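**Student:**
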Amino acid sequence: MPNDIGFTIRPLNVGAEIVGLNVKAPIASGSRDALYQAWLKYGVLLFRETGATNAEHLALSRCFGELELHPVPEIRLKEEPLLIEIGGSRRGQAFVFDGTELRAGRLPWHRDTAYTPECCKGAILHMVEAAAEDGETMVADTALAYDALSDEMKRRIAHLEYKATLRLGPIDQTRPGAFWRTVRPATPEEDPAAKPANVSKDAIARYPSVVLPAVITHPESGRKCVFLSPTYVDEFLDMSAEESDALLAELTEHITRPEFCYVHRWKAGDMLLWDNRRFMHAARGFPLNCTRRGLRTTLAGSLKVGRYFDPEPDLSKAAPIAD
789 MPNDIGFTIR
799 PLNVGAEIVG
809 LNVKAPIASG
819 SRDALYQAWL
829 KYGVLLFRET
839 GATNAEHLAL
849 SRCFGELELH
859 PVPEIRLKEE
869 PLLIEIGGSR
879 RGQAFVFDGT
889 ELRAGRLPWH
899 RDTAYTPECC
909 KGAILHMVEA
919 AAEDGETMVA
929 DTALAYDALS
939 DEMKRRIAHL
949 EYKATLRLGP
959 IDQTRPGAFW
969 RTVRPATPEE
979 DPAAKPANVS
989 KDAIARYPSV
999 VLPAVITHPE
1009 SGRKCVFLSP
1019 TYVDEFLDMS
1029 AEESDALLAE
1039 LTEHITRPEF
1049 CYVHRWKAGD
1059 MLLWDNRRFM
1069 HAARGFPLNC
1079 TRRGLRTTLA
1089 GSLKVGRYFD
1099 PEPDLSKAAP
1109 IAD
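For the sequence shown, position 241 matches number 1029 in the numbering used here, and the numbering has no gaps at all.
1. Label V1051 either buried or exposed according to how many other C-beta atoms from any shown protein chain fall within 10 Å of its C-beta, with 16 as the threshold for buried.
2. Could you please give me the residues that DSSP links to G1082 through a beta bridge?
3. Count the other CB atoms, across all protein chains shown, that sit within 10 Å of the CB of H947; report buried if there are 16 or more and exposed otherwise.
4. Contact between the segment 928-941 and the segment 1007-1024 is defined here as three or more beta-carbon pairs at a separation below 8 angstroms; is this criterion met?
5. If you run the structure through DSSP and keep just helix, strand and coil, what is I1109?
6. What's the C-alpha gap between P1001 and T953?
7. Can you tell me whether A1029 is helix, strand or coil according to DSSP?
8. To the nearest angstrom, report how far apart A1071 and I945 are at their CA atoms.
9. Cβ atoms of T1085 and L855: under 8 angstroms apart, would you say?
10. At the level of alpha carbons, what is the spacing between C851 and E1008?
11. Going by DSSP in three states, F1048 sits in which element: helix, strand or coil?
12. Assuming contact is defined by CB atoms lying nearer than 8 angstroms, are M1059 and A928 in contact in what I supplied?
13. Considering only C-alpha positions, which residue in the set L1036, Y995, V1021 is nearest to D1098?
14. To the nearest angstrom, how far is it from the Cα of G875 to the Cα of V916?
15. Could you tell me which residues DSSP pairs with D1063 in its beta bridges?
16. From F967 to Y1020, what does the alpha carbon distance come to, in whole angstroms?
17. Once the 5 residues before and after N1064 are set aside, which same chain residues still bring their CB inside 7 angstroms of it?
18. Shorter than 8 angstroms from the beta carbon of V971 to some beta carbon of chain D?
19. What ranges does the beta strand (DSSP E) occupy inside the segment 812-867, keeping only unbroken runs of at least 3 residues that lie completely in it?
20. Under 6 angstroms Cβ to Cβ from D922, same chain only, skipping five residues before and after it: list those, please.
21. Helix, strand or coil: how does DSSP classify A882 here?
22. Around the Cβ of F795, are there at least 16 other Cβ atoms within 10 angstroms (buried) or fewer (exposed)?
23. Is there at least one non-hydrogen atom of the ligand FAD closer than 7 angstroms to the beta-carbon of A928?
24. In the structure shown, what three-state DSSP assignment does P799 receive?
25. Please report the residue range of the alpha helix (DSSP H) in which A933 lies.
26. Pick from H845, E837, Y903, R798: whose alpha carbon is nearest that of P814?
27. Using 10 angstroms around the beta-carbon of Q961, count the other beta-carbons present and answer buried if the total reaches 16, otherwise exposed.
28. Please report the straight-line C-alpha distance between R891 and R879, rounded to a whole angstrom.
29. Taking I806 as the reference, which of V832, R1080, G1010, K866 has the closest Cα?
30. Can you tell me whether T1172 is buried or exposed, with buried defined as 16 or more other CB within 10 angstroms of its CB?
31. Tell me which residue opens and which closes the alpha helix (DSSP H) that I945 is part of.
Listed below in structure tokens is the structure:
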């Protein structure tokens, strides 16, 4: 039963479920404080079948900090720009993975906005319509993963930096964060409802390559995290391409071991909060006979750990503050 803070905490294998919290009512300050401390402890919080409206989604998100606009205007929800739409009418093109898996919405391992110098604090994804089959979201705890590294590896990556560049679409996402072996675009016969990508090459050009550290100290918990977004990593600096690729593959394989991951099978109304400073995430995708639509907030309080790779980047195409 919920206690005097309005909810109970049920630990998952990674992260925790919040049980008994009524997100449709105002959340008291004591509950807000307890939620925030639970988030710092577990890094991922699950709220099941909430039935939340967009306003209630925003209110819950604000328990964990102020909100900010996502840096890619094309995916913001027109009627509420603090939300981005994932799937639904923005599903985009499907792809065939590993020869036989026709899927939409598949995303490799990444951190949100880890193609900018200031990665966002976190996010809450609300699954408005869950796929009837597949559609899971996976999260990986890079603090637990760091703790389990050998002392030799910790020393090796302690001061490493890497160049990162935004990549969109499975064809370009060939780094170790991709958990498939082969991929090709679906044909028009396989995906007759395909729509053009809603983020253009011109939009990608808004985000010049950045340099980020391989390890950070979490600014609130003090825990060290392996700060990778494998999908976007070009190379570790001051390292040969072969050595860099081998290290990225080794670290990605380590971070995504089952003991560091939680896999969420969605139901409509579920909400999942993750700490972007600590966690990577990925999406398995779903068959084309299913529909999946999520709305996501972005928590402000950017982690200012990066810099542009080019000391004088061309920011003339930088994303506007609002639509």
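Yeah, the Cβ is synthetic: ideal placement off N, Cα and C, and Gly gets one too.
Note that this is a predicted model, so its numbers are computed, not measured.
**Tutor:** The relevant details are as follows:
1. Using a 10 angstroms sphere on the CB of V1051, the tally of other CB atoms stays under 16, which defines it as exposed.
2. Per DSSP, I874, M915.
3. exposed
4. yes
5. Since pLDDT at I1109 reaches only 39, below the 50 mark, its modelled position is unreliable, and the value read off the structure follows with that caveat. Coil at I1109, not helix or strand.
6. 14 angstroms
7. A1029 sits in a helix when the DSSP states are folded into three classes.
8. About 27 angstroms.
9. yes
10. Those two C-alpha atoms are separated by around 16 angstroms.
11. helix
12. Contact: no.
13. Answer by Cα proximity: Y995.
14. 10 angstroms
15. G910
16. 14 angstroms
17. R899, D900, C907, C908, K909, G910, A911
18. Protein chains in the displayed structure number just one, and chain D is not present.
19. 832-835
20. R1072, F1074
21. coil
22. buried
23. Ligands are entirely absent from the displayed structure, and the ligand FAD is therefore not among its contents.
24. strand
25. 930-935
26. H845
27. buried
28. C-alpha separation (whole angstroms): 11 angstroms.
29. V832
30. Residue 1172 is absent from the model: the chain starts at 789 and stops at 1111.
31. 939-945
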